[in-house]
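What the sequence shown shows, in our numbering, is residues 893 to 1081, in sequence order. The structure appears below as structure tokens.
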Amino acid sequence: KVFSGTLELSHNLNNGPYIQVGSLSNQYTASSIKPELIAKWSDKWVTKAHIEHHFISDKNQKKQMDLSTLYGISTGTPWIWLGLGAEKLSYSKRSDIYWSPSEFYSFGPRVELAAPIVGAFTVITGLNANRLYDKDSKSWGRGYYFSGRLQYGNRNDLNISTELIRIESIQNGKTWDSNQFGLNISVPF
893 KVFSGTLELS HNLNNGPYIQ VGSLSNQYTA SSIKPELIAK WSDKWVTKAH IEHHFISDKN
953 QKKQMDLSTL YGISTGTPWI WLGLGAEKLS YSKRSDIYWS PSEFYSFGPR VELAAPIVGA
1013 FTVITGLNAN RLYDKDSKSW GRGYYFSGRL QYGNRNDLNI STELIRIESI QNGKTWDSNQ
1073 FGLNISVPF
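So this is what it looks like as structure tokens:
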């Protein structure tokens, strides 16, 4: 089977770069659609296209498109993939409350790794080293995206995991960073 895909639909408190103050009732929400298409060209080559479209409660829309092609250095255990990727992020309108570029691009090398550590525990990491371009400020920069997850259970069955996402970028001599922590429960059906 060469092609496979997923579709995620959700409505929740907006996550990610939205920094908001006040009570829970004042927080932005978003209805989201997230399709993903995966093309597995061979046992060693895969291309992923991931799209996110968020309809935010402040009437803004966030669109994010990510395309990557990876080569499997090790496709068994451990699981190690290297490749290249590119991403475009855009908003339908700018906001004074949160970072909302009209167009933002990033591209560069990527690595993904999954390895069992003890018992049913698995460590899963990903790193993107990026060259960045912000259309609004017409500026180039560099940065990285790191995700690290400790998962208990098989990824194809019920599992629970904790996750850290670290993002850092440097543009115009200024550093921007973000740390996100999460607890995930996955129940396949």
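Beta carbons are placed, not taken as given, at the ideal position from N, Cα and C, and that holds for glycine.
Residue closest to residue i, alpha-carbon to alpha-carbon, out of the options
| i | options | result |
| --- | --- | --- |
| serine 992 | Trp937, Thr1067, Lys951, Asn1022 | Lys951 |
| isoleucine 943 | Ser949, Lys954, Trp937, Lys936 | Lys954 |
| leucine 846 | Phe1081, Ser934, Ile1016, Ser998 | With the chain covering 893 to 1081 only, the question about residue 846 has no answer from this structure. |
| serine 896 | Thr1067, Ser982, His946, Lys940 | Lys940 |
| serine 1039 | Ile1077, Asn1046, Arg1002, Gly1033 | Arg1002 |
| phenylalanine 1013 | Phe999, Gly1033, Asn1046 | Asn1046 |
Limits of the unbroken beta strand (DSSP E) element including residue i
| i | result |
| --- | --- |
| threonine 961 | 953 to 967 |
Per-residue DSSP class, three states only, for residue i
| i | result |
| --- | --- |
| tyrosine 920 | coil |
| arginine 986 | coil |
| serine 949 | coil |
| leucine 1075 | strand |
| arginine 1058 | strand |
Same chain, Cβ closer than 6 Å to residue i, five either side skipped, listed in chain order
| i | result |
| --- | --- |
| tyrosine 875 | Residue numbering for the chain in the displayed model covers 893 to 1081; residue 875 lies beyond these limits and cannot be assessed. |
| glycine 1074 | Glu1055 |
| glutamine 1072 | Ile1057 |
| serine 927 | Looking at the sequence shown, residue 927 is not serine but proline. Excluding residues within five positions, the ones whose Cβ falls inside 6 Å are Leu899, Ile943. |
| tryptophan 1068 | Ser1061 |
According to DSSP, residues forming a beta bridge with residue i
| i | result |
| --- | --- |
| asparagine 872 | This structure gives no information on residue 872, because the portion of the chain shown stretches from 893 to 1081. |
| valine 938 | Lys932, Leu962 |
| aspartate 1026 | Phe996, Ser1031 |
| serine 896 | Ile930 |
| valine 1003 | Leu974, Leu1019 |
| proline 1080 | None, per the DSSP bridge assignment. |
Own chain residues within Cβ distance below 8 Å of residue i, not counting five before or after
| i | result |
| --- | --- |
| isoleucine 911 | Residue placement at isoleucine 911 is poorly supported in this model, since its pLDDT is 48, which falls under 50; the coordinates are not used for a value here. |
Any chain D beta carbon closer than 7 Å to residue i
| i | result |
| --- | --- |
| arginine 1041 | No chain D appears in this structure, which consists of one protein chain only. |
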